[in-house]
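S.K.: If you want the working numbering, it's the 1-based position in the sequence shown plus 550. Beta carbons are placed, not taken as given, at the ideal position from N, Cα and C, and that holds for glycine. Model, not experiment: these values are computed from the prediction.
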Amino acid sequence: MTNADAVAPTDPTGAGGRRRPDFSGLDRLGLNLHAILPLSAMDRAWRGKPATRVERGHWRQVVVVGNGGPSLWRTLEQRGITGNDPIDRFSVQAVSDWLASQAPSARSLLLYPAQSGIDLQTLGRLAGWHQPSPLMLGMHPGWGSWFGYRVVMLTETDWVEDVRAAGTSACEGCASRPCVTACPAGAVGTGLDLARCIAHRLSPDSPCATDCLARLVCPAGAEHRYCEAQRKHSYGESLRAIAHWRERAD
Ligand code: SF4
Ligand code: SF4
551 MTNADAVAPT DPTGAGGRRR PDFSGLDRLG LNLHAILPLS AMDRAWRGKP ATRVERGHWR
611 QVVVVGNGGP SLWRTLEQRG ITGNDPIDRF SVQAVSDWLA SQAPSARSLL LYPAQSGIDL
671 QTLGRLAGWH QPSPLMLGMH PGWGSWFGYR VVMLTETDWV EDVRAAGTSA CEGCASRPCV
731 TACPAGAVGT GLDLARCIAH RLSPDSPCAT DCLARLVCPA GAEHRYCEAQ RKHSYGESLR
791 AIAHWRERAD
């Protein structure tokens, strides 16, 4: 499934004279999920205090770009991109370049990953990407849990917008719920017991230090699962953040 399938507009010729940008350059890099949302989407997606919010000013739309499946990581490997936050650094540069090619005169403001307080799942809901799951991860109708939010920008563009419903969740039709039994900590039930999950991840020789066994057995979008190197990178980063947070709290 391509992202064009996931967020294709009902009027591909454009609504009210608006056009749809060409996402093919981003698709080729693995940044294959895109949504153009109205600025009003941010009314629901700000978690920060009003004082930390960006003034609406001249902004017109919210551009949300994500990755579905392992192809973004493959691009990074092929290009030898390593170091700190390689996915973020690469994605922001790629989306900035793409925006400059599609709307050369439009200004933009990077919200994510630059700022905190953005409720990505709310944006995902509006884009049709997000349904809840017991893993506390969003479920995309095509990619399952194997997708991620990479860049959110406010822009001065006037493109065709993509607000749509996500449909039913894969979890609703998953009678056997293998994620529940696969979790060695018993942290997965109707939701995720985050404290229990964190304690298990931080325990010595935990199999969950750099992976999530419950996520691995989920059948939704299993063919799009991230490769081991990407999982190790992402879960390793989150484990370091958790350990740091725990140290400061103690
Ligand atoms: S295993 Fe089933 S219930 Fe668990 S996250 Fe996947 S689809 Fe949802
Ligand atoms: S990381 Fe481990 S403890 Fe946490 S939900 Fe996944 S399987 Fe369970």
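1. What does the Cβ neighbour count give for residue 773, buried or exposed, with the cut at 16 atoms within 10 Å?
2. May I ask you to list the residues that DSSP assigns as paired with residue 573?
3. Just jot down, in chain order, the residues whose CB lies closer than 5 angstroms to any heavy atom of ligand 2.
4. Regarding residue 781 and ligand 1, is the C-beta to nearest heavy atom distance less than 8 angstroms?
5. Please report the distance separating the alpha-carbon of residue 601 from that of residue 724.
6. Can you round the beta-carbon distance between residue 615 and residue 587 to whole angstroms, since I take them to be within the 8 angstroms contact cut?
7. Between the segment 684-691 and the segment 644-658, do at least 3 Cβ pairs fall closer than 8 angstroms?
8. Between residue 775 and residue 766, what straight-line distance do the alpha-carbon atoms span, to the nearest angstrom?
9. Mind checking residue 680: buried by the 16 CB within 10 Å criterion, or exposed?
10. Report the rounded CA-to-CA distance for residue 703 versus residue 735, giving the unit in angstroms.
11. Can you tell which of 700, 709 and 719 has its C-alpha closest to the C-alpha of residue 684?
12. With 16 other CB atoms within 10 Å as the buried threshold, where does residue 705 fall?
13. Use the C-beta contact count for residue 793: other C-beta atoms within 10 angstroms, 16 or more gives buried, fewer gives exposed.
14. State the CB to CB distance for the pair residue 806 and residue 646, rounded to an integer number of angstroms; the pair is presumed to be in contact (CB under 8 angstroms).
15. In three-state DSSP terms, what is residue 596?
16. Output the boundary residues of the beta strand (DSSP E) element that contains residue 586.
17. How long is the line joining the alpha carbons of residue 572 and residue 613, rounded to whole angstroms?
18. Return the CA-CA distance between residue 744 and residue 642, expressed in angstroms with no decimal places.
19. Please state whether DSSP places residue 705 in a helix, a strand or coil.
M.R.: In short, the structure shows the following:
1. That one is exposed.
2. Beta-bridge partners assigned by DSSP to residue 573: none are found.
3. Output, sorted by chain position: 733, 735, 737, 747, 750, 758, 762, 763 and 764.
4. Not one heavy atom of ligand 1 is found less than 8 angstroms from the C-beta of residue 781.
5. Model confidence at residue 601 stands at a pLDDT of 46, short of 50, so the residue's coordinates are unreliable; what they give is reported in the following sentence. For residue 601 and residue 724, the distance between alpha carbons rounds to 43 angstroms.
6. Incorrect: roughly 12 angstroms between the Cβ atoms, too far for contact.
7. With the cut-off at 8 angstroms, the segment 684-691 and the segment 644-658 do not touch.
8. Distance between the alpha carbons of residue 775 and residue 766 is about 8 angstroms.
9. Within a 10 Å sphere around the beta-carbon of residue 680 sit 16 or more other beta-carbons, which makes this residue buried.
10. C-alpha of residue 703 to C-alpha of residue 735: approximately 38 angstroms in a straight line.
11. Comparing C-alpha distances from residue 684 to each of 700, 709 and 719 shows the shortest one belongs to 719.
12. Residue 705 comes out buried.
13. Exposed is the call here.
14. Residue coverage of the chain in this structure runs from 551 to 800, which leaves residue 806 outside it and unanswerable.
15. The answer is strand: DSSP assigns residue 596 an E or B state.
16. Taken as a continuous stretch (DSSP letters only), the beta strand (DSSP E) holding residue 586 covers 583-588.
17. Going by the C-alpha atoms only, they are around 13 angstroms apart.
18. Answer to the nearest angstrom: the Cα atoms are 30 angstroms apart.
19. Residue state, collapsed to three classes: strand.
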